[in-house]
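First up is the structure itself, then whatever we jot down about it.
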Amino acid sequence: MTEAERAFARGAPHTPHAPAWLAEARDAALRSFAAEGLPDRKVEAFHFTDLHALLREPFPPLAGAALRGASSVAHRALALRLGAHVVPVINGIVGVDLAAGRALPQGVELVPLRAAMASAPEIVRLAFEGAVDGRANAVRALNTGLARDGAVIRVRAGVKAPLIVLDHSAALEARGSVHLRHLIVLEEGASADVLEIFSSDGAASLTTCDTIVQLAKGAQLSHAKLIKGNADTIHLGRSDARLGAEASYRLFVQGSAASVAREEISVRLEGEGGHFGLGGALLLSGEKHFDLTASIDHASPRCTSDMEARAVLAGRSKGVVQGAVRVAPHAQHTVANQQIRGLLLSDRAEFDSKPELEILADDVKCAHGAASGDLDSDAIFYLRSRGIPEDEVRALLVEAFLEQGLAKVENEALRDFLREETRAWLKTLPEVRDA
Amino acid sequence: ALNAQKKARGEAEIDSASFLRRVRTKAKTLGINEDMRKRAVNVGVSGGEKKRNETLQMALLEPKLAILDETDSGLDIDALKLVAEGVNAMRSRERSFLVITHYQRLLNYIVPDKVHILSGGKIVRSGSKDLALELESKGYDAVIAEPA
Numbered sequence: 001m002t003e004a005e006r007a008f009a010r011g012a013p014h015t016p017h018a019p020a021w022l023a024e025a026r027d028a029a030l031r032s033f034a035a036e037g038l039p040d041r042k043v044e045a046f047h048f049t050d051l052h053a054l055l056r057e058p059f060p061p062l063a064g065a066a067l068r069g070a071s072s073v074a075h076r077a078l079a080l081r082l083g084a085h086v087v088p089v090i091n092g093i094v095g096v097d098l099a100a101g102r103a104l105p106q107g108v109e110l111v112p113l114r115a116a117m118a119s120a121p122e123i124v125r126l127a128f129e130g131a132v133d134g135r136a137n138a139v140r141a142l143n144t145g146l147a148r149d150g151a152v153i154r155v156r157a158g159v160k161a162p163l164i165v166l167d168h169s170a171a172l173e174a175r176g177s178v179h180l181r182h183l184i185v186l187e188e189g190a191s192a193d194v195l196e197i198f199s200s201d202g203a204a205s206l207t208t209c210d211t212i213v214q215l216a217k218g219a220q221l222s223h224a225k226l227i228k229g230n231a232d233t234i235h236l237g238r239s240d241a242r243l244g245a246e247a248s249y250r251l252f253v254q255g256s257a258a259s260v261a262r263e264e265i266s267v268r269l270e271g272e273g274g275h276f277g278l279g280g281a282l283l284l285s286g287e288k289h290f291d292l293t294a295s296i297d298h299a300s301p302r303c304t305s306d307m308e309a310r311a312v313l314a315g316r317s318k319g320v321v322q323g324a325v326r327v328a329p330h331a332q333h334t335v336a337n338q339q340i341r342g343l344l345l346s347d348r349a350e351f352d353s354k355p356e357l358e359i360l361a362d363d364v365k366c367a368h369g370a371a372s373g374d375l376d377s378d379a380i381f382y383l384r385s386r387g388i389p390e391d392e393v394r395a396l397l398v399e400a401f402l403e404q405g406l407a408k409v410e411n412e413a414l415r416d417f418l419r420e421e422t423r424a425w426l427k428t429l430p431e432v433r434d435a
Numbered sequence: 001a002l003n004a005q006k007k008a009r010g011e012a013e014i015d016s017a018s019f020l021r022r023v024r025t026k027a028k029t030l031g032i033n034e035d036m037r038k039r040a041v042n043v044g045v046s047g048g049e050k051k052r053n054e055t056l057q058m059a060l061l062e063p064k065l066a067i068l069d070e071t072d073s074g075l076d077i078d079a080l081k082l083v084a085e086g087v088n089a090m091r092s093r094e095r096s097f098l099v100i101t102h103y104q105r106l107l108n109y110i111v112p113d114k115v116h117i118l119s120g121g122k123i124v125r126s127g128s129k130d131l132a133l134e135l136e137s138k139g140y141d142a143v144i145a146e147p148a
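First to last, the protein sequences are chains A and B.
For the first sequence, this note's numbering begins at 1 and goes up steadily by one.
For the second sequence, this note's numbering begins at 1 and goes up steadily by one.
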């Protein structure tokens, strides 16, 4: 075992109200992790992101942090700008919305996981399903063993929830790790909009954050994850979703800045007529590494899925996008589409794309495409001939490239917010600045 | 682009509302309708529509020098006249146009002040608008062979 693996395997103290089954599940998960260790390149899903090699130094799990401080001015500003309910999640502990003292509407419940263990233990069980054995599941095992809190969001039948922002920040005094397990449950016909932001400060940190999503018949969830960070941040996130009939799940993942980040998405379309749409924007420069790996299981007929991932790679960064679509034998009339595009702004950047289709039904429409290249020199010339300086032209063309993926986000205020994040990132690029 | 140009010229930038108004006015003169303006640049447009769009861009950017490289290729007579009107409307002592063409017809509508013939990458003869007419009747080889 490496130092890193040992530090994880040691575990962390249990929370006060943890039911017995949970304590057992946590211990079992950590034992499983200790036996397998972190996945390396021999595990197919981690082939391009060898965690065993990348994580050598330990990130000891934070033992019992207290929630410090009230919601910040920044949270209030964000709440106003997006018309959202902002929940600070600091060092792995979920706060309540202290921003405006605004209550959530009737039928929308948000409680910290640590509180739900006492008030609604049956729902907490939903958050801890899923296999933890085997090297491919090591990150989930780690998160199961070490998560002490998270947000439990439940929207009752027919209710439309407002935009909820989970604003995560890791501000550690010494190197360590933070682990969260979120649960989003939408009852029949309910709809919700959730934005998760991850940023960090202070000592080197590693965050694992698993979000479990369960959508009942006709429910609709719009979900976005904005992963920021810095050269000392490691981010390992997961989204695990199960969709009932006619349910719709739209997920947008935007990542930049973290040293190593990986988002693994696993969606199971369990009822007829379900829909899953995934948009991705990977913004990488320097030595950054971002891996977006999705697996979509069409387990029922008439479902549709589509994936539109776009990566912009500068410097010596590395981007990985993997999409595996599986269509079960009885899942007739499936429509599935994956498009992966990489824009390489430097010849030392690396882009690994792997679309995958396993089709066992015979009346389906499945397509996939993957392409990468650099900026179109004709397009650059055209815009320069209209008087636009070259570095602005490059920035414009990069934004245009990303725009198609962004179209997956329905909330206009959120789209604008994400565009601004992209613009801020573009300003840090020498390839654009000094072109 | 307009604001980039203004920045370079040391002028104040234009705001979106004024810009849109200016676009609408000029677009109307060029016969470019509302939904043409909303389409993506050069996607699914005909040659004529593209040229009209470029003429609009020129009218908005008000350049000191405009280079029109084979502007007449692929255009029908109506589109040609429209482009020519756009150019003629912008002719002034403060502006130069370099119009590159293989055909006389365009020059019936955009009557040139000076004509240069290029051959093998060099200007081999220069003259007035009559030089273009001479080319049309005698052909390039004959005109180039003649002493200047």
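Glycine included, C-beta positions come from ideal geometry on N, C-alpha and C.
Under three-state DSSP, which class holds residue i?
| i | result |
| --- | --- |
| residue 337 of chain A | strand |
| residue 57 of chain B | helix |
| residue 129 of chain B | helix |
| residue 122 of chain A | helix |
| residue 393 of chain A | helix |
| residue 30 of chain A | helix |
| residue 145 of chain B | helix |
| residue 351 of chain A | strand |
| residue 307 of chain A | strand |
| residue 23 of chain B | helix |
| residue 105 of chain A | coil |
| residue 97 of chain B | strand |
| residue 157 of chain A | coil |
| residue 276 of chain A | strand |
Given that a residue counts as buried once 16 or more other Cβ atoms are within 10 Å of its Cβ, and exposed if not, what is residue i?
| i | result |
| --- | --- |
| residue 101 of chain A | With a pLDDT of only 43 at residue 101 of chain A, under 50, the local geometry of the prediction cannot be trusted, and no value is derived from it. |
| residue 58 of chain B | buried |
| residue 388 of chain A | buried |
| residue 289 of chain A | buried |
| residue 5 of chain A | buried |
| residue 111 of chain B | exposed |
| residue 187 of chain A | buried |
| residue 196 of chain A | buried |
| residue 423 of chain A | exposed |
| residue 99 of chain A | Because the pLDDT at residue 99 of chain A is just 42, under 50, the model does not fix this residue reliably, and the value given afterwards should be weighed accordingly. Result: buried. |
| residue 52 of chain A | buried |
| residue 103 of chain B | exposed |
| residue 117 of chain A | buried |
Counting only the same chain and skipping the five closest in sequence on each side, list residues whose C-beta sits under 6 Å from that of residue i.
| i | result |
| --- | --- |
| residue 323 of chain A | 294, 307, 338 and 355 |
| residue 60 of chain A | 7 and 176 |
| residue 3 of chain A | 58 |
| residue 271 of chain A | 244, 245 and 300 |
| residue 352 of chain A | 48 and 320 |
| residue 274 of chain A | 243, 247 and 303 |
| residue 365 of chain A | 335 |
| residue 210 of chain A | 143, 181 and 238 |
| residue 46 of chain A | 39 |
| residue 127 of chain A | 181, 183 and 212 |
Going by alpha carbons, who is nearest to residue i out of the options?
| i | options | result |
| --- | --- | --- |
| residue 222 of chain A | A:229, A:236, A:191 and A:207 | A:191 |
| residue 426 of chain A | A:314, A:276, A:146 and A:185 | A:314 |
| residue 261 of chain A | A:231, A:248 and A:240 | A:231 |
| residue 320 of chain A | A:331, A:157 and A:342 | A:342 |
| residue 405 of chain A | A:251, A:272, A:301 and A:423 | A:251 |
| residue 264 of chain A | A:14, A:258 and A:235 | A:235 |
| residue 216 of chain A | A:228, A:203, A:227 and A:154 | A:154 |
| residue 284 of chain A | A:146, A:311, A:9 and A:274 | A:311 |
| residue 157 of chain A | A:297, A:151 and A:219 | A:219 |
| residue 256 of chain A | A:383, A:128 and A:233 | A:233 |
| residue 133 of chain A | A:28, A:412 and A:369 | A:28 |
| residue 194 of chain A | A:32, A:162 and A:123 | A:162 |
| residue 31 of chain A | A:345, A:110 and A:137 | A:137 |
| residue 241 of chain A | A:278, A:254, A:372 and A:147 | A:278 |
| residue 20 of chain A | A:362, A:125 and A:37 | A:125 |
| residue 170 of chain A | A:184, A:202, A:140 and A:41 | A:202 |
| residue 81 of chain B | B:107, B:94, B:143 and B:12 | B:107 |
| residue 369 of chain A | A:276, A:200, A:402 and A:340 | A:340 |
Among residues of its own chain, excluding the 5 on either side of residue i, which ones have a beta-carbon nearer than 8 Å to its beta-carbon?
| i | result |
| --- | --- |
| residue 380 of chain A | 390, 393, 394 and 397 |
| residue 78 of chain A | 84, 86, 165 and 167 |
| residue 62 of chain A | 12, 91, 92, 172, 176, 177 and 178 |
Going by beta carbon distance, what residues of the same chain come within less than 7 Å of residue i, once the five residues before and after it are set aside?
| i | result |
| --- | --- |
| residue 88 of chain A | 71, 75, 95 and 167 |
**Asked** Listed from N- to C-terminal order along the chain, which residues in the stretch 371-393 of chain A have their beta-carbon within a distance smaller than 9 Å of any beta-carbon of chain B?
**Response** 382, 383, 385, 386, 387, 388, 389 and 392
**Request:** Check each residue of the stretch 58-90 of chain B: if its Cβ is closer than 9 Å to any Cβ of chain A, include it; give the result in chain order.
**Result:** 61, 63 and 67
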